[in-house]
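Since the structure comes first, as structure tokens, the remarks are kept for the end.
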Amino acid sequence: MTVQPLAAPAAATGSPGQHRIFSGIQPSGIVHLGNDLGAIRNYVALQSHFEAIYCIVDYHALTSTHQADVLRERTRQMAAALLALGLDPDRCTLFVQSHRPEHTELAWLFATVTPVSWVERTPTYKEKAAQQPDDVNHALLTYPILQAADIAIYHADRVPVGKDQAAHLELSREILRAFNRRYGETFVEPLAVYTEAPLVLGTDGRKMSKSIGNTIDILGDPELVRRQVMSMVTDTQRIKRTDPGRPEICNVCQLQRFFGDDYEALWEGERTARTGCVDMKRLLADRITTHYAPARERYRELMAEPAQVDGVLEAGANRLRPQAAATLATVRERMGLR
Ligand code: TRP
């Protein structure tokens, strides 16, 4: 897969909106540090320089979440969190996938150009099937086809995602290529823009993930955040306070890099045992709760005022309607549906 850094920000080149960004995020519920460092921060930065469309993918979530009230609540939480963390409805379009049902029609049409073997070999499908062996529903298999439709329906050409999405993006490109080959040049192949944030590890040292339960819930109560940070696994070979640390493998030290400009001094302190693990954790907890204090406040306000969030989401979906309809009209025409 081609990884290409985004061109200079539009402000610098004088042509705003030269790329159209699209990204989808699962309504996983409470937003954690991994979500912010791995995706949301990047969304916020990109909205100022490019035309950006951000989608809360509730159709995709149905492949694993089957309780209506849970899905509804998580969708609202994700929307409120994205707004609280800095997505600005005046600069980007934020919407909920199922509010533009054209995505699913396009996904069906794309399914007809997608060989079964392509979706069966997708690593995420195999992982999911192993994770939920009693619920290997067909939509798990179709998942990447819907993802291709999400991107293509707005002719987005840049897709900011984490590295874990590389296989999906490659498949999206292949599906669009297959469509173009059969029906004529219609879609651009989108490029992945990988977020530079490293894999964000959770409190137990594995990838931070809600399903594992090792998250740092940045918008939660400061006491909760503190407890989560204090429970983090550090350098397991550092037994005594006076043992020199290995900051390069200590997750607590690694995370400091996002919350201050004194990372090198902290690194040195840990390496020479001037600072201990507990000091480092206290500092990190303080910095995280301070950094996210305004977002936490905003999140609380938004959750208390659902109408405000719903209004943003509805406006977003409405704004996209003409583009979705136009793409589908072209595709239907090319495929002989009239
Ligand atoms: N599959 C992505 C994830 O799990 C979410 C997603 C759905 C997406 N549609 C997309 C990402 C389109 C980028 C573009 O994180």
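If you want our numbering, it's the 1-based position in the sequence shown plus 427. In this text, a Cβ means the ideal position worked out from N, Cα and C, and glycines have one as well.
In the three-state reduction of the DSSP assignment, residue 481 falls in the strand class, which pools E and B. CA-to-CA, the gap between residue 500 and residue 507 works out to about 11 Å. The three-state secondary structure of residue 671, taken from DSSP, is coil. Residue environment: residue 666 is assigned as exposed (fewer than 16 neighbouring CB atoms within 10 Å of its CB, all protein chains considered). Residue 521 sits away from residue 486, with the two beta carbons spaced by 8 Å or more.
Pairing residue 673 with residue 703, the inter-Cα distance amounts to about 11 Å. Secondary structure at residue 764: coil, using DSSP grouped into helix, strand and coil. At least one heavy atom of the ligand TRP lies less than 7 Å from the C-beta of residue 595. Between the alpha carbons of residue 723 and residue 732 lies a distance of about 14 Å. The C-beta distance from residue 629 to residue 639 rounds to 6 Å, short enough to fall under 8 Å. The distance from the Cβ of residue 449 to that of residue 552 is about 22 Å, inconsistent with a contact at the 8 Å cut-off. Separation of the CB atoms of residue 719 and residue 651 is rounded to 12 Å, and the pair is thereby denied contact status at 8 Å.
Proximity to residue 649 across 510, 566 and 716 peaks at 716, based on C-alpha coordinates.
DSSP, reduced to helix, strand and coil, places residue 687 outside both helices and strands of the structure shown, so it counts as coil.
The segment 535-547 makes contact with the segment 571-591, as at least three CB pairs between them are under 8 Å. Counting along the chain, residue 654 sits inside the alpha helix (DSSP H) bounded by residues 649-657.
Three or more beta-carbon pairs separated by less than 8 Å are not found between the segment 489-499 and the segment 576-591, which leaves the two stretches without contact. Across the structure, residue 466 and residue 760 are spaced so that their CA atoms are roughly 36 Å apart. Just measuring C-alpha positions, the residue of 452, 736, 758 and 762 sitting nearest residue 589 is 452.
Distance from the CA of residue 677 to the CA of residue 694, rounded to the nearest whole angstrom, comes to 10 Å. The continuous stretches of beta strand (DSSP E) do not include residue 731, which lies in the alpha helix (DSSP H) extending over residues 720-731.
Counting the other CB atoms within 10 Å of its CB gives residue 479 a total of 16 or more, which places it among the buried residues. The nearest non-hydrogen atom of the ligand TRP is less than 7 Å from the C-beta of residue 450. Judged by DSSP secondary structure, residue 520 falls within the beta strand (DSSP E) whose first and last residues are 519-523. If you draw a straight line from the Cα of residue 615 to the Cα of residue 730, it comes to about 38 Å.
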